[in-house]
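Trainee: The C-terminal residue of the sequence shown carries number 550 in full-length UniProt numbering, and the numbering is unbroken.
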Amino acid sequence: MSKYGDGNFAEKQGGGEALDVASSHNQGQVIDGTISLDANHQLQRGLKSRHIQFLALGGAIGTGLFVGSGGILATVGPAPLWLAYLSMMLLVWIVMNCIGEMCTYLPLRGITLPYFTERFVDASLGFAAGWNYWYAYAILVAAEASAGAILLNYWDTPVPTWAWITIILVVNLVLNIIAVEVFGEAEFWFASIKFITIMGLIIVGLVIMLGGGPNHQRLGFHYWNDPGAFKEYLAPGATGRFAAYWTAFIRAGFSFITSPELIGLAAGETVAPRRNIPKAARRFLGRLAVFYGISSLIVGCIVPSDNKNLLSGTSDASASPWVIGIQLAGIGGLNHVINAAILTSAWSAGNAFLYSGSRILYSLAQNGQAPAIFTRTTRRGVPYTAVLMTWAFSLLAYLNVSNNGAQVFTWFSNLSTISGYIGWIVLLITYLRFRQALKVQGLLATLPFKTPGQPYAAWFALVMISILTLTNGFQVFVKWNYKDFLAAYITLPAFLVLYFGHKIWHRTPFHKPAGEIDVLTGKKEMDDMCANDVDPVPRNWLEKIWFWIA
C-alpha cells in the first residue's frame with residue numbers, strides 16, 4: 001500500500017456512495033495522515049470565477065513588465081527584449097497547462113503544488129520544492145515592496161523610504177489576514193487597475209509611435225535603427241547578438257516566475273474548480289500575448305535603449321520605460337498617473353505573492369514538512385500563522401534604507417528568478433510522472449482538462465528551462481564577479497542540500513514506478529463535489545459579456 005492509500009480510498013467509505021467533502025460524514029478522513037477531508041479543517045472556498053481569472057492576470061503583470069523591462073532594454077536593445085518575452089511566453093503557457101491539468105484533476109483543499117510532487121514523484125523532491133517556493137514567494141514580497149518604495153520616491157516626498165515600505169507591507173498583511181474573500185476582492189480590483197493601465201499604455205504607445213503626441217514626432221521603429229535593434233553583448237557580431245537575446249531570455253523570467261502557479265495554489269479555495277481553473281488556463285496565453293507580446297514591442301519603440309534613465313544601479317523611479325516614453329513624447333501630467341498605476345501593480349503583486357507563500361507554508365505544515373503551528377487557521381479559514389511567517393521574511397525589503405533601491409531590487413529579482421526556474425523544472429517533472437501514471441494505470445481518459453501537445457510540450461519546456469537555469473549567470477564566466485555569481489547560482493546548492501538532506505535523513509527511494517503512483521485517493525470526493533456544479537446561465541447580453549470576461 002502506498003503512503004497515500006491503495007487507490008480504493010473512496011470505495012472503502014460507505015460502499016462507494018457519493019461523498020460530500022463538506023459534510024460531517026467526512027470527519028476523521030485524512031490523506032497521508034495529515035491532509036484532512038473534514039470540512040472543519042479546510043481552507044475556505046471563497047474565490048469566485050472573477051477572482052481566479054484576475055488572480056492569474058494580476059500575477060502575470062507586475063514590476064517585471066513595468067520596471068524590469070527597462071533594464072533589459074538598456075542592456076541588450078529592443079529586438080532581444082521583444083523576442084525574449086515571446087520565447088518566455090511559450091514556456092510559461094506550457095507550465096500553466098501542466099498545472100491546470102493536475103489541479104483540475106485533484107483540486108483538493110489545502111493542497112499546493114509541492115504536495116503533488118511528493119505524491120507523484122518523491123517525498124524529498126516535494127520537500128525541497130516546497131521550501132524553494134516559499135523562499136521565492138517571500139523574496140518576491142520583499143522585491144515588490146522594494147519596487148513600490150522606488151516608485152513612491154519618484155514624487156520626492158519628505159516621507160522616508162522605511163515609512164513607505166512599512167505602509168506597503170502592513171496593507172498587504174491586513175488584506176491577507178482578514179479573510180480569503182477580502183484578499184480575492186482586493187486582488188480583483190488591483191488587477192482591474194493593472195488591466196486598465198496596460199491597455200491604456202498600449203494605446204498611448206501606439207499614438208506616440210504614429211506621431212500623435214504633443215511633439216508630433218512619428219517614431220515608428222526609429223529607435224530600432226538609431227541606436228539600433230540589438231546591443232551586442234559580451235562579444236561582437238552574431239555571437240554578441242545571440243548573447244544579447246539569451247541574456248534577455250533569462251532575465252525575462254522574472255516577469256513570469258510563479259505567475260502560472262498562482263492559479264494552482266488557489267485551486268483548493270476556488271468555487272467550481274473544474275470549471276474555473278480550465279477557464280483561466282485557456283485564456284492565459286491570449287492575455288500574455290497582449291500584455292507582454294504587444295507591450296514589449298511598443299516599449300522598445302518609444303524609448304531609446306541608450307536613455308540614461310532606464311533601470312540601472314543609480315536610477316530612480318523614472319526607470320519605468322513607460323514613464324520615460326511619455327516624458328519624451330512631451331505628454332504633461334500623464335507620467336504621474338502612470339507612475340501611480342504602476343505602484344498599484346507592485347502592491348498587487350506583493351499581495352498575491354504573500355497569499356501564495358503563506359499557502360505553500362500551510363501545505364508544508366499539513367504534510368508534516370514544516371512545524372504544525374503553521375496549520376492554524378482563523379474561523380474564516382485563513383492560515384494566519386503561515387501568513388505572518390511569510391510576511392516576516394519580507395522585512396528584508398528594509399535593505400532599501402541603507403542601499404540603493406535599484407540595486408536591492410536587482411538582488412531580489414536575481415534570487416527569485418533562479419528559484420522560479422527550479423520550481424518550474426520540478427513542476428514539469430511532476431506533471432510527466434503524473435501523466436505517465438495515468439497512462440500506465442489506464443486512467444488517461446479520465447482527465448477532466450486536457451491541453452494540446454502533451455507530453456511533448458512538457459519535455460520541450462523541461463529541457464529549455466533546465467538550460468536557462470544552468471546558464472543563468474553565464475556572463476560571470478566572461479567577466480568574473482563573485483557577487484553576480486552568488487546571486488545567479490547560490491539557490492542551486494541550497495536546493496540540493498534540502499533535497500539530499502531530506503533523502504539521507506528519511507532514506508526515501510530515488511524512483512517510484514508509475515504503476516505504484518497513487519492517482520486515485522481523493523478523486524472520488526472531488527468528482528462528487530464538482531458534479532454538483534452548474535454552469536451559470538446569462539440572463540442578458542451584458543451578463544454574457546461579463547461571464548466571458550470573468
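All C-beta atoms, glycine included, are put in the ideal place defined by N, C-alpha and C.
Going by the CB atoms, is the gap between Leu73 and Val299 shorter than 8 angstroms?
Mentor: Numbered from 1 along the sequence shown, position 299 holds the residue referred to as residue 299. Numbered from 1 along the sequence shown, position 73 holds the residue referred to as residue 73. Yes, Cβ-Cβ distance for Val299 and Leu73 is below 8 angstroms.
Trainee: From this set, Leu364, Cys301, Leu444, Phe485, which residue's C-alpha is nearest Val207's C-alpha?
Mentor: Taking the first residue of the sequence shown as 1, we reach residue 207 at position 207. That would be Cys301, whose Cα lies nearest to the Cα of Val207.
Trainee: Going by C-alpha to C-alpha distance, which of Trp411, Arg433, His511, Trp541 sits closest to Asp484?
Mentor: Indexing the sequence shown from 1 puts residue 484 at position 484. Selected option, being the one with the closest Cα: Trp411.
Trainee: Can you give me the start and stop residues for the alpha helix (DSSP H) that Asn215 sits inside?
Mentor: For the purposes of this step, residue 215 is taken as residue 215 along the sequence shown, with counting starting at 1. Premise fails: Asn215 is in no alpha helix (DSSP H) and is neither H nor E.
Trainee: Smallest Cα separation from Lys479: which of Ala235, Lys439, Leu125, Thr378?
Mentor: As a position in the sequence shown, residue 479 is number 479, starting the count at 1. Taking only the C-alpha atoms, the option nearest Lys479 is Ala235.
Trainee: Quick one: which unbroken beta strand (DSSP E) runs of 3-plus residues sit fully inside the segment 66 to 148? Chain order, please.
Mentor: As far as the segment 66 to 148 is concerned, it has no whole beta strand (DSSP E) run of at least 3 residues.
Trainee: Please report the distance separating the alpha-carbon of Phe221 from that of Arg251.
Mentor: Translated into the one-based positions of the sequence shown, residue 221 becomes position 221. Translated into the one-based positions of the sequence shown, residue 251 becomes position 251. About 23 angstroms.
Trainee: Less than 8 angstroms between the CB atoms is what I'm expecting for Ala145 and Ile177, so what's the real figure, rounded?
Mentor: The residue you call residue 145 lines up with position 145 of the sequence shown. The residue you call residue 177 lines up with position 177 of the sequence shown. Actually they do not touch by this definition, with Cβ atoms about 16 angstroms apart.
Trainee: Is the distance from the Cβ of Trp82 to the Cβ of Leu297 below 8 angstroms?
Mentor: Locating residue 82 in the sequence shown gives position 82, counting from the first residue. Locating residue 297 in the sequence shown gives position 297, counting from the first residue. Yes. Within cutoff.
Trainee: In terms of residue numbering, what span does the alpha helix (DSSP H) encompassing Pro509 cover?
Mentor: Locating residue 509 in the sequence shown gives position 509, where the first residue counts as 1. Taken as a continuous stretch (DSSP letters only), Pro509 belongs to no alpha helix (DSSP H), as it is neither H nor E.
Trainee: For Ile360 versus Tyr137, is the C-beta distance shorter than 8 angstroms?
Mentor: Along the sequence shown, read from residue 1 onward, the residue named residue 360 stands at position 360. Along the sequence shown, read from residue 1 onward, the residue named residue 137 stands at position 137. Cβ distance < 8 angstroms, so Ile360 and Tyr137 count as in contact.
Trainee: From Asn40 to Thr377, what distance separates their C-alpha atoms?
Mentor: Walking along the sequence shown from the start, residue 40 turns up at place 40. Walking along the sequence shown from the start, residue 377 turns up at place 377. In this prediction, Asn40 has a pLDDT of 45, which is less than 50 and means its spatial position is unreliable; what the coordinates show is noted afterwards. Cα to Cα, the separation comes out at about 10 angstroms.
Trainee: Under DSSP, the alpha helix (DSSP H) around Val299 begins and ends at which residues?
Mentor: Here residue 299 corresponds to residue number 299 of the sequence shown, with the count starting at 1. Residues 295 to 302.
Trainee: In angstroms, rounded to a whole number, what distance separates the CA positions of Leu175 and Ala352?
Mentor: Numbered from 1 along the sequence shown, position 175 holds the residue referred to as residue 175. Numbered from 1 along the sequence shown, position 352 holds the residue referred to as residue 352. Cα to Cα, the separation comes out at about 10 angstroms.
Trainee: Could you please give the first and the last residue of the uninterrupted alpha helix (DSSP H) stretch that includes Arg241?
Mentor: Stepping through the sequence shown from its first residue, residue 241 is reached at position 241. Per DSSP, Arg241 belongs to the alpha helix (DSSP H) from 237 to 256.
Trainee: Let me know the secondary structure DSSP gives Thr157 once reduced to three states.
Mentor: Within the sequence shown, the letter at position 157 stands for residue 157. Correct three-state label for Thr157: coil.
Trainee: Tell me, please, whether the segment 427 to 442 touches the segment 199 to 217 by the rule of three or more beta-carbon pairs shorter than 8 angstroms.
Mentor: Not touching, per the Cβ criterion.
Trainee: At the level of alpha carbons, what is the spacing between Ile465 and Leu415?
Mentor: The sequence position of residue 465 within the sequence shown is 465, counting from 1. The sequence position of residue 415 within the sequence shown is 415, counting from 1. Roughly 16 angstroms separates the two Cα atoms.
Trainee: Whole-angstrom Cβ separation of Thr104 and Pro448, contact assumed at under 8 angstroms?
Mentor: Stepping through the sequence shown from its first residue, residue 104 is reached at position 104. Stepping through the sequence shown from its first residue, residue 448 is reached at position 448. Confirmed, about 5 angstroms.
Trainee: Express the C-alpha separation of Gln369 and Ala386 in angstroms, rounding to a whole number.
Mentor: By one-based count along the sequence shown, residue 386 stands at place 386. By one-based count along the sequence shown, residue 369 stands at place 369. Between Ala386 and Gln369, the C-alpha separation is close to 13 angstroms.
Trainee: Contact between the segment 154 to 161 and the segment 432 to 450 is defined here as three or more beta-carbon pairs at a separation below 8 angstroms; is this criterion met?
Mentor: Because the criterion of three Cβ pairs below 8 angstroms is not met, the segment 154 to 161 and the segment 432 to 450 do not touch.
Trainee: Measure the C-alpha to C-alpha separation of Phe291 and Met199 and round it to an integer number of angstroms.
Mentor: Locating residue 291 in the sequence shown gives position 291, where the first residue counts as 1. Locating residue 199 in the sequence shown gives position 199, where the first residue counts as 1. Distance between the alpha carbons of Phe291 and Met199 is about 8 angstroms.
Trainee: Out of Tyr398, Phe510, Tyr489, which one is the CA nearest neighbour of Ala163?
Mentor: Stepping through the sequence shown from its first residue, residue 163 is reached at position 163. Residue Tyr398 is the option with its Cα nearest to Ala163.
Trainee: Please check the pair Val67 and Ser320, which I expect to be a contact at CB under 8 angstroms, by giving their CB distance rounded to whole angstroms.
Mentor: Working through the sequence shown from its first residue, we reach residue 67 at position 67. Working through the sequence shown from its first residue, we reach residue 320 at position 320. That belief holds up - the Cβ atoms of Val67 and Ser320 are roughly 5 angstroms apart, short of 8 angstroms.
Trainee: Who are the Cβ neighbours of Trp134 in its own chain at under 6 angstroms, not counting the five residues just before and after it?
Mentor: In the sequence shown, residue 134 corresponds to position 134, counting from 1. Excluding positions up to five away in sequence, the list reads Gly357, Ile360, Leu361.
Trainee: For Asn307, count neighbouring Cβ atoms within 10 angstroms of its own Cβ and tell me buried if that reaches 16, exposed if not.
Mentor: Taking the first residue of the sequence shown as 1, we reach residue 307 at position 307. By the neighbour-count rule (16 or more Cβ atoms within 10 Å), Asn307 is buried.
Trainee: Cutting at 7 angstroms between CB atoms, please list the residues of its own chain near Ala244, excluding the five before and the five after it.
Mentor: Taking the first residue of the sequence shown as position 1, residue 244 is located at position 244. The residues are Val76, Gly77, Pro80, Phe230, Lys231, Glu232, Tyr233.
Trainee: Count the other CB atoms, across all protein chains shown, that sit within 10 Å of the CB of Val519; report buried if there are 16 or more and exposed otherwise.
Mentor: Counting from one through the sequence shown, the residue named residue 519 turns up at place 519. Result: buried.
Trainee: Could you tell me which of Trp155, Tyr482, Met529 sits nearest to Arg109, measuring between CA atoms?
Mentor: Locating residue 109 in the sequence shown gives position 109, counting from the first residue. Among Trp155, Tyr482, Met529, the Cα nearest to that of Arg109 belongs to Met529.
Trainee: State the CB to CB distance for the pair Ala142 and Leu396, rounded to an integer number of angstroms; the pair is presumed to be in contact (CB under 8 angstroms).
Mentor: Position 142 of the sequence shown, counted from the first residue, corresponds to residue 142. Position 396 of the sequence shown, counted from the first residue, corresponds to residue 396. Between Leu396 and Ala142 the Cβ distance is about 4 angstroms, and since that is below 8 angstroms, they are a contact.
Trainee: State the DSSP-derived secondary structure class of Gln436, mapped to helix, strand or coil.
Mentor: Taking the sequence shown and counting its residues from 1, the one referred to as residue 436 is at position 436. Of the three classes helix, strand and coil, the one that applies to Gln436 here is helix, per DSSP.
Trainee: Once the 5 residues before and after Leu90 are set aside, which same chain residues still bring their CB inside 7 angstroms of it?
Mentor: For this step, residue 90 is matched to residue 90 along the sequence shown. The answer is none, since no qualifying residue turns up.
Trainee: Just the Cα atoms here: how many angstroms apart are Ser259 and Leu388?
Mentor: For this step, residue 259 is matched to residue 259 along the sequence shown. For this step, residue 388 is matched to residue 388 along the sequence shown. When rounded, the distance between both Cα atoms is 22 angstroms.
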